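For reference, the structure is listed below as structure tokens.
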Amino acid sequence: MMVLNYQMTYPQLLKKFREAVFGKKVFCPHCGYKKPRKISPTKYWCKKCRKRFSLTSCTIFKGSKLPLEKLILLLECFLKEFKVKQTQELVGVSRKTVSHWFQKFRENLPEVEREKFFESDIFILDDSYFGGKRKGNKGRKAPFKTIVLGLLNKSLGKVKVYCVPSLDFKIVATILNFWLPSRKVKLFSDSFKSYRLAKEWLKLENHTLINHQKRFKETNPGENVWSVMKRKLREIYHHATQKYMPFYVKELAYRFNARNNPDDAFSLLRKISINQWKFSKISVPFW
Ligand SMILES: [Zn+2]
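In the numbering used here, the protein residues as written are 997 to 1283.
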């Protein structure tokens, strides 16, 4: 397996997978019971709620008949920006299977957390247009494109993106209201009408509207995000349809945010699992 950096045996792989999903100790995903009985290397039985579960049944890999090593390899290929055809040859599965799993990974990627945004951070608000036909108008006048609104936390170097139906000021204001830690944060954007109205509506004290015809310095990092994301889209997928564009945008934002310390398959699985346990009904033992 040339993609995997780690040469490991099957029991080692199982151990890493188990730790990524459950942490130190396996617990029942149905009721949270701490000592389920092991009935096979991958299957468990809970004494308390009398239900069975396997290592994969409570993860994004639920219901898959592929062997565990192939699933991990698929995830690794996805993270290493392999193209669908390369992955298909490497893993030895059909093109449809690869596309299915890549889409599933895309849907489950962790996003930047709101709790990590602080009042002392500097923010940049900008919008961009993805996909569609190349000919014709550019920017805000372009038809049939996906409108993406991005809020970049410049101090953290992370971006939160939204695919929005329009750039109505109420949509912009709702997003800002949710994501900005306070009304006093330093925020930069261009002088687009919706941004100005959102500023007035939310009474943002330190929101600077910059006239793009005169100055670029403050909003340039925002433009950089879009150029990195669009280049990646061209590199990896060449083209994405309008229908799936929101998922691709989400993936590109994830790749941008993880650019300095990229995840491997197990660390990503750990993040997804932690997110999943956070929202589950059971009281998870390791919190
Ligand atoms: Zn149970």
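No residue lacks a Cβ here, since even glycine has one placed at the ideal position from N, Cα and C. Model, not experiment: these values are computed from the prediction.
Contact check for Pro1177 against Phe1113 passes: the beta carbons are separated by less than 7 Å.
Within 6 Å of the C-beta of Cys1054 there is not a single heavy atom belonging to ligand 1. Residues with their Cβ less than 6 Å from any non-hydrogen atom of ligand 1, running along the chain, are Cys1024, His1026, Cys1027, Tyr1029, Cys1042, Lys1044, Cys1045 and Lys1047.
Taking C-beta atoms as the reference points, Lys1012 and Phe1262 count as a pair closer than 7 Å.
In the DSSP assignment, Thr1052 falls outside any beta strand (DSSP E) and carries neither an H nor an E.
Each of Tyr1029, Phe1078, Arg1014 and Asn1253 was checked against the Cα of Trp1222, and the nearest Cα belongs to Asn1253.
Taking all protein chains in view, the Cβ of Asn1216 is surrounded by fewer than 16 other Cβ atoms within 10 Å, so the residue is classified as exposed. Within the region 1153 to 1196, the runs of alpha helix (DSSP H) that reach at least 4 residues and sit entirely inside it are, in chain order, 1165 to 1175. Nearest C-alpha to Lys1141 among Tyr1240, Asp1259, Thr1005 and Lys1034: Tyr1240.
When the five nearest sequence neighbours on each side are left out, the beta carbons in the same chain lying within less than 6 Å of the beta carbon of Ser1187 are those of Leu1205 and Asn1207, in order along the chain. Annotation: the continuous alpha helix (DSSP H) that includes Val1221 extends over Asn1216 to Ile1232. For the 7 Å CB-CB criterion, Lys1066 and Val1087 form a contact. With a cut-off of 8 Å on Cβ pairs, the region 1264 to 1274 is not in contact with the region 1164 to 1177, counting fewer than three such pairs. Per DSSP, Leu1010 is one residue of the alpha helix (DSSP H) stretching across Tyr1006 to Phe1018. Shown here, His1203 sits in a strand according to DSSP, grouped into three states. A distance of 7 Å or more separates the beta carbons of Arg1230 and Leu1200.
At a Cβ-Cβ threshold of 7 Å, Asp1122 and Gly1218 count as neighbours. Under DSSP, Gly1146 takes part in a beta bridge, and its partners are Asp1122 and Val1157. Where Tyr1040 is concerned, the enclosing beta strand (DSSP E) starts and stops at Lys1039 to Trp1041.
Cβ-Cβ separation between Glu1085 and Ile1232: approximately 16 Å, too far for a contact (criterion under 8 Å). In the three-state reduction of the DSSP assignment, Arg1211 falls in the coil class.
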